[in-house]
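Novice:
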Amino acid sequence: MSSQVLKNVIVAGGRGVIGTPILNALLASGLFNVSVLSRVESTAVFPPAVNVKKADHSSHKDLVEALKGQDALICTLNDEAGGVQVQLIDAAVEAGVKRFLPSEWGNCHIKAPVPESEPVVEGKNAIIELLKEKATEAQAKGQEFHWTGVNVGLFFDWSLEVGFMDVFLQPTKTAKVWDGGSGVFSSTNLSTVTAGVVAILSIAEAETRDRFVNIESFATSQREVVAALEKATGEKWTVEETSMREQLAVAQEMYEKEDYLNAFYRWILAGVVSGREEPRFKTVDNELLGLPHEDMQETVEKLLKGDSI
Ligand SMILES: NC(=O)c1ccc[n+]([C@@H]2O[C@H](COP(=O)([O-])OP(=O)(O)OC[C@H]3O[C@@H](n4cnc5c(N)ncnc54)[C@H](OP(=O)(O)O)[C@@H]3O)[C@@H](O)[C@H]2O)c1
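Quick look at the structure:
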């Protein structure tokens with residue numbers, strides 16, 4: 005008989021940058037019965053092996069019904085929907101869910117660079133505080149309810165493919181480096197993030213209760229990424245120097261024009277490339293989770309060739 009504690013796993017959201025690869029990795033592992041919790045108005049389409057549960061996310065009763073029988077809930081909701089997790093936590097506790105993975109997927113130590121970005125950072129922190137409170141309460145009553153926050157730094161391959169780290173692939177071959185571009189930050193390829201999630205729910209279930217887990221493919225900087233691209237292609241990148249001050253002013257302008265998502269992305273990047281201590285993990289849990297430390301140059305070369313990472 006299997007001793008796996010977390011067998012029935014439901015992914016809230018399940019589509020998008022991180023939801024899609026997590027869902028695919030859970031299915032590919034063959035270790036779980038996989039469901040998705042999707043909002044009623046969602047038009048997302050899921051693989052046939054997934055049990056799709058539609059629920060009105062404002063209805064506690066609907067959410068409890070959808071979560072009954074689930075051992076773990078993985079949140080992949082975007083930041084605009086982060087507050088929905090308050091309802092999800094209440095429903096998960098009532099439904100008897102044993103593990104809650106909130107929509108973290110970044111770096112909990114990065115402080116808001118400007119006051120306008122505080123609501124997003126504070127929003128994530130508030131969810132962790134609520135989870136701590138609910139877990140303590142539930143455990144005092146003998147109920148197994150635990151949380152695990154997953155920190156991965158920047159999604160490396162995704163960030164490079166979409167230009168999120170201000171380093172742009174061919175044909176542009178440009179980069180905008182902030183304050184010299186040598187600020188070091190932790191980053192993780194999406195396949196390593198998803199392998200980490202599978203490991204947290206299976207081999208490292210007990211060791212990952214009620215804490216943050218740090219996963220990292222490697223730590224790098226904008227300058228190092230540009231150098232890796234130049235080495236891989238034998239071509240020069242046009243590098244524009246910019247500063248934190250200039251970029252925060254750009255973000256402010258976006259915010260004032262109500263371009264909130266792009267302003268928010270600038271603020272996130274400000275935290276990542278700041279050169280401060282917080283964007284680089286002091287310790288990582290790769291070993292516990294059986295994850296490799298990867299090579300940035302190798303990742304860049306695979307990405308340019310279109311090989312899977
Ligand atoms: N470390 C990094 O580099 C990095 C990069 C990007 C994102 N992230 C983090 O990853 C997490 C997910 O972001 P993402 O970019 O993957 O999001 P995304 O691509 O925008 O995906 C959004 C998901 O949330 C669901 N959703 C959206 N609005 C919702 C609502 N009001 N109620 C319920 N569900 C809703 C969507 O489902 P439907 O629309 O189908 O309902 C979809 O499944 C966030 O915590 C973000 O901070 C980290």
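To get my numbering, take the position in the sequence shown, counting from 1, and add 4.
Don't be surprised by glycine CBs; every beta carbon is placed ideally from N, CA and C.
Just so we're clear, the structure is a prediction, and the values are computed from it rather than from any experiment.
(1) Suppose contacts are defined by Cβ-Cβ distances below 7 Å. Is Val304 in contact with Ala208 by that definition?
(2) Any heavy atom of ligand 1 within a distance shorter than 6 Å of the CB on His61?
(3) From Gly167 to Pro175, what distance separates their C-alpha atoms?
(4) How many Å lie between Glu108 and Trp151 at the Cα?
(5) How many angstroms separate the CA atom of Asp75 from the CA atom of Lys102?
(6) Is the closest heavy atom of ligand 1 to the C-beta of Gly20 under 6 Å?
(7) Buried or exposed: Lys180, going by 16 or more other Cβ atoms within 10 Å of its Cβ?
(8) Using only the heavy atoms of ligand 1, determine whether one of them is closer than 6 Å to the beta carbon of Thr80.
(9) Would Met5 be called buried (16 or more neighbouring beta carbons within 10 Å of its own) or exposed?
(10) Can we count Arg227 as close to ligand 1, meaning its CB is less than 6 Å from some heavy atom?
(11) Going straight from the alpha carbon of Asp311 to that of Pro51, what length do you get?
(12) Looking only at C-alpha atoms, which of Leu67, Trp271, Val38 sits nearest to Asn12?
(13) Out of curiosity, what's the CA-to-CA distance linking Leu67 and Ala95?
(14) Which same chain residues end up closer than 7 Å to Val124 when comparing Cβ atoms and leaving out the 5 residues on each side of it in sequence?
(15) Ligand 1 heavy atoms versus the CB of Val304: any closer than 6 Å?
(16) Do you know offhand how far Glu253's Cα is from Lys72's?
(17) For Asn82, does the three-state DSSP call read helix, strand or coil?
(18) Using only alpha-carbon positions, find the residue among Thr246, Val40, Gly127 that is nearest to Ala53.
(19) Taking 7 Å as the threshold (C-beta atoms), are Arg270 and Gln251 in contact?
(20) Should Arg43 be counted as a contact of ligand 1 given a C-beta to heavy atom distance under 6 Å?
(21) Return helix, strand or coil for Trp241, following the three-state DSSP convention.
(22) Quick check: the Cα distance between Leu273 and Met169, rounded to an integer number of angstroms?
(23) In terms of alpha-carbon separation, which member of Val88, Leu92, Glu281 lies closest to Leu1?
(24) Within its chain, find whatever has a CB closer than 6 Å to the CB of Arg43; leave out the 5 residues flanking it on each side and keep chain order.
(25) Can you tell me whether Met5 is helix, strand or coil according to DSSP?
(26) Put Ala232 into one of helix, strand or coil per three-state DSSP.
(27) Quick one: is Asp1 buried, meaning 16 or more other Cβ sit within 10 Å of its Cβ, or exposed?
(28) Using three-state DSSP, classify Phe268 as helix, strand or coil.
(29) Can you have a look at Ser221 and say buried or exposed, based on whether 16 or more other CB atoms are within 10 angstroms of its CB?
Specialist: The structure says:
(1) Here residue 304 refers to the residue found at position 300 when the sequence shown is read from its first residue. Here residue 208 refers to the residue found at position 204 when the sequence shown is read from its first residue. No; because the gap between Cβ atoms is not below 7 Å, this pair is not in contact.
(2) One-based indexing of the sequence shown puts residue 61 at position 57. Yes; taking the cut-off as 6 Å, the Cβ of His61 has a heavy atom of ligand 1 nearer than that.
(3) Within the sequence shown, residue 167 is the residue found at index 163, counting from 1. Within the sequence shown, residue 175 is the residue found at index 171, counting from 1. The straight-line gap from Cα to Cα measures roughly 12 Å.
(4) For the purposes of this step, residue 108 is taken as residue 104 along the sequence shown, with counting starting at 1. For the purposes of this step, residue 151 is taken as residue 147 along the sequence shown, with counting starting at 1. Straight-line measurement puts the Cα of Trp151 at about 12 Å from the Cα of Glu108.
(5) Reading the sequence shown from its first residue, position 71 is the one you call residue 75. Reading the sequence shown from its first residue, position 98 is the one you call residue 102. Straight-line spacing of the CA atoms in Asp75 and Lys102 works out to 5 Å.
(6) For the purposes of this step, residue 20 is taken as residue 16 along the sequence shown, with counting starting at 1. Yes, Cβ of Gly20 sits closer than 6 Å to a heavy atom of ligand 1.
(7) Along the sequence shown, one-based indexing puts residue 180 at 176. Flag for Lys180 reads buried.
(8) Locating residue 80 in the sequence shown gives position 76, where the first residue counts as 1. Yes; taking the cut-off as 6 Å, the Cβ of Thr80 has a heavy atom of ligand 1 nearer than that.
(9) Stepping through the sequence shown from its first residue, residue 5 is reached at position 1. Reliability of the predicted coordinates at Met5 is poor, the pLDDT of 48 falling under 50, and the value obtained from them is presented with this limitation in mind. It counts as exposed.
(10) The residue labelled residue 227 in the question sits at position 223 within the sequence shown. Incorrect: Arg227 has no Cβ contact closer than 6 Å to ligand 1.
(11) Your numbering for residue 311 matches position 307 in the sequence shown. Your numbering for residue 51 matches position 47 in the sequence shown. Whole-angstrom Cα-Cα distance: 23 Å.
(12) On the sequence shown, residue 12 is found 8 positions in, with the first residue counted as 1. Nearest C-alpha to Asn12: Val38.
(13) As a working mapping, residue 67 is identified with position 63 in the sequence shown. As a working mapping, residue 95 is identified with position 91 in the sequence shown. When rounded, the distance between both Cα atoms is 6 Å.
(14) In the sequence shown, the residue the question calls residue 124 occupies position 120. Asp83, Phe268.
(15) In the sequence shown, the residue the question calls residue 304 occupies position 300. Every heavy atom of ligand 1 is 6 Å or more from the Cβ of Val304, so no.
(16) As a first step, residue 253 must be located in the sequence shown, where it is residue number 249. As a first step, residue 72 must be located in the sequence shown, where it is residue number 68. Per the sequence presented here, residue 253 reads as Ala, with Glu not at that position. Computed Cα separation, rounded: 47 Å.
(17) Taking the sequence shown and counting its residues from 1, the one referred to as residue 82 is at position 78. Reduced to three states, the DSSP call for Asn82 is coil.
(18) Walking along the sequence shown from the start, residue 53 turns up at place 49. If we check each option's Cα against that of Ala53, Val40 comes out closest.
(19) In the sequence shown, residue 251 corresponds to position 247, counting from 1. In the sequence shown, residue 270 corresponds to position 266, counting from 1. Contact flag set, yes.
(20) Translated into positions along the sequence shown, residue 43 becomes position 39. Correct: Arg43 has its Cβ closer than 6 Å to ligand 1.
(21) Your numbering for residue 241 matches position 237 in the sequence shown. Residue state, collapsed to three classes: coil.
(22) The residue given as residue 273 occupies position 269 in the sequence shown. The residue given as residue 169 occupies position 165 in the sequence shown. Taking the straight line joining both Cα atoms gives about 7 Å.
(23) Nothing about residue 1 can be reported from this structure: the residues present for the chain run from 5 to 313 only.
(24) On the sequence shown, residue 43 is found 39 positions in, with the first residue counted as 1. The answer, listed in chain order, is His61.
(25) Here the question's residue 5 lines up with position 1 in the sequence shown. Residue placement at Met5 is flagged as unreliable, the pLDDT there being 48, under the threshold of 50; the coordinate-derived value follows with that caveat. It is coil, neither helix nor strand.
(26) If you number the sequence shown from 1, residue 232 lands on position 228. Correct three-state label for Ala232: helix.
(27) What the structure shows of the chain is the stretch from 5 to 313, and residue 1 is not part of that stretch, so it cannot be assessed.
(28) For the purposes of this step, residue 268 is taken as residue 264 along the sequence shown, with counting starting at 1. Reduced to three states, the DSSP call for Phe268 is helix.
(29) As a position in the sequence shown, residue 221 is number 217, starting the count at 1. Flag for Ser221 reads buried.
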